[in-house]
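FYI, in the numbering used here the residues of the sequence shown are 13 to 158. We put the CB at the ideal spot given by N, CA and C, even for glycine. For clarity, every value in this text was computed on a predicted model and none was experimentally measured. Take a look at the structure below.
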Amino acid sequence: MVRPVSLQGFQWGFQGVSLRGFRGFQFFLWELCVCIKYPSLGDFACGTGGFITSWLKALQPQIKDTADQQQYNDSIYGIEKKQFPYMLCVTNMLLHDIDLPQIYHDNSLLRDVLDYTEDDQFDVILMNPPYGGSEKADVKNHFPAD
């Protein structure tokens with residue numbers, strides 16, 4: 013069973029558990045991993061891969077055999093726009109035993125949102141979008157006016 017989960021829901025549902033800071037973030041990830049075995053994760057502004065590595069650490073206890081290891085390896089997908097953080101993210105995945113990381117050097121905003129299909133869906137989208145910065149004017153054309 014897949015259920016929508018939000019930090020606000022956790023704040024109301026788990027009294028006495030602080031969701032601030034890294035421990036709260038780990039608790040949030042653990043709850044998501046309990047709901048779905050090897051959920052797929054998409055991070056479209058992955059930077060150096062900090063969220064992805066936290067996700068992998070939360071999934072690690074589920075690995076029991078080589079099939080589980082393969083599902084673990086295939087559970088992540090990331091895109092990073094900037095070259096240097098992209099290279100660091102790929103290195104980070106290699107250091108966390110992901111031999112063929114699905115991390116791509118691209119700009120996730122250049123794809124038209126109407127072009128996404130059901131095959132492009134993830135169980136969880138976990139990201140900290142960049143704040144500030146600038147984009148080319150044609151990026152705005154990929155989003156509906158409404």
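No Cβ-Cβ contact shorter than 9 angstroms links G145 with G90. One Cα belongs to D80, the other to Y98, and the distance between them is close to 26 angstroms. In this structure, L71 sits near S87, with a CB-CB distance shorter than 9 angstroms. The closest CA to that of L112, considering only S120, A57, Q83 and Q74, is found on Q83.
Per DSSP, I75 lies in no beta strand (DSSP E) and is assigned neither H nor E. Straight through space, the alpha carbons of G61 and W67 are spaced by roughly 10 angstroms. Judged by their CB atoms, N119 and F63 are not nearer to each other than the 9 angstroms cut-off. Distance from the Cα of N85 is smallest, within the candidate group P51, T129, L126 and D132, for P51.
For D55, the beta-bridge partners assigned by DSSP are G90. Beta bridge pairing from DSSP links H117 with E92. Between the alpha carbons of G59 and D77 lies a distance of about 30 angstroms. The Cβ atoms of E147 and L121 lie closer than 9 angstroms to each other. Bridge pairing for V136: L53 [DSSP].
By the criterion of a C-beta distance shorter than 7 angstroms, N104 is surrounded in its chain by T60, G61 and T65, once the five residues flanking it on both sides are discounted.
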